[in-house]
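Per UniProt numbering, the very first residue in the sequence shown carries number 1; after that it's consecutive.
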Amino acid sequence: MAGYSLEQLTVLVVDDNAHTRAIVRTILGAFGVRRIQEAGNGDAAFVELSNFPADLVICDWIMAPVDGVAFVRMVRTSPESPNPFVPIIMLTGHTELSRVMEARDAGVHEFLSKPISATSLFARIKAIIDRPRPFVRTATYFGPDRRRHTIDWRGPERRRALREAKARAAGTGGLSRRDLDALLSRRP
């Protein structure tokens, strides 16, 4: 945990299993986190999030009556959501690719398989701190950018807006606001 001071971090732990919540709480305490709140399902967590301004949510997948994925979707898309940008780490014992993709597509930042360890949980928290991802809004998704890395493209530019902006800049010596926005929205 060298180099990271997590004492000011506020964390909401959501799991229907009290034993799992206790384990996560103990691990977070070992990291120096002191402000931890708990909820036993997605509905209770959504209410708790309104009363407890969490910096991070650690959430189990399988819960009733509202599971973790439904909770994440509520946090990301509900008009009543107190913080649609809160980082969320999803916990589950089911690590099939389809589940990882479903959690990612719901808007989780990180995915962690059970049983968890202090090392793996710290790695996920560290990833959120060290590599914050911008949020993306489309017709069907709102959440952190799902791309983990970018690849430098060495071929011809195929994005029309970017191609046109570069051509206008080359011809006039300047860029319009629209051109700047098009260039800045491109990931390096």
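Just so it is clear, CB atoms sit at the ideal spot from N, CA and C, and this is done for glycine as well.
DSSP state of residue i mapped onto helix, strand, coil
| i | result |
| --- | --- |
| residue 91 | strand |
| residue 188 | Summary for residue 188: the model assigns pLDDT 46, below 50, so the residue's position carries little reliability, and this model does not support an answer. |
| residue 98 | helix |
| residue 113 | strand |
Where the beta strand (DSSP E) through residue i begins and ends
| i | result |
| --- | --- |
| residue 39 | 35-39 |
| residue 58 | 56-60 |
| residue 108 | Per DSSP, residue 108 belongs to no beta strand (DSSP E) and is neither H nor E. |
| residue 13 | 10-14 |
Residue nearest to residue i in terms of C-alpha spacing, selected from the options
| i | options | result |
| --- | --- | --- |
| residue 91 | 67, 133, 6 | 67 |
| residue 8 | 15, 22, 32 | 32 |
| residue 93 | 62, 72, 102 | 62 |
| residue 131 | 119, 110, 117, 140 | 110 |
| residue 124 | 37, 15, 43, 58 | 58 |
| residue 137 | 129, 154, 117, 106 | 106 |
| residue 146 | 140, 133, 128 | 133 |
| residue 141 | 75, 116, 121 | 75 |
| residue 4 | 79, 126, 77 | 126 |
| residue 83 | 16, 139, 37, 48 | 48 |
| residue 103 | 70, 114, 154 | 70 |
| residue 77 | 98, 108, 95, 129 | 108 |
| residue 43 | 22, 27, 23, 14 | 14 |
| residue 122 | 17, 30, 22 | 30 |
| residue 50 | 114, 156, 144, 80 | 80 |
| residue 128 | 112, 24, 23 | 112 |
Residues sharing a beta bridge with residue i, DSSP
| i | result |
| --- | --- |
| residue 137 | 142 |
Host alpha helix (DSSP H) of residue i (start-end)
| i | result |
| --- | --- |
| residue 48 | 42-51 |
| residue 120 | 118-130 |
| residue 70 | 68-77 |
| residue 24 | 18-30 |
8 Å contact criterion, which residue i and residue j should meet: CB distance rounded
| i | j | result |
| --- | --- | --- |
| residue 12 | residue 45 | 6 Å |
| residue 88 | residue 100 | Not really, about 14 Å apart at Cβ, beyond 8 Å. |
| residue 86 | residue 39 | The Cβ separation is near 13 Å, so there is no contact. |
| residue 10 | residue 52 | 7 Å |
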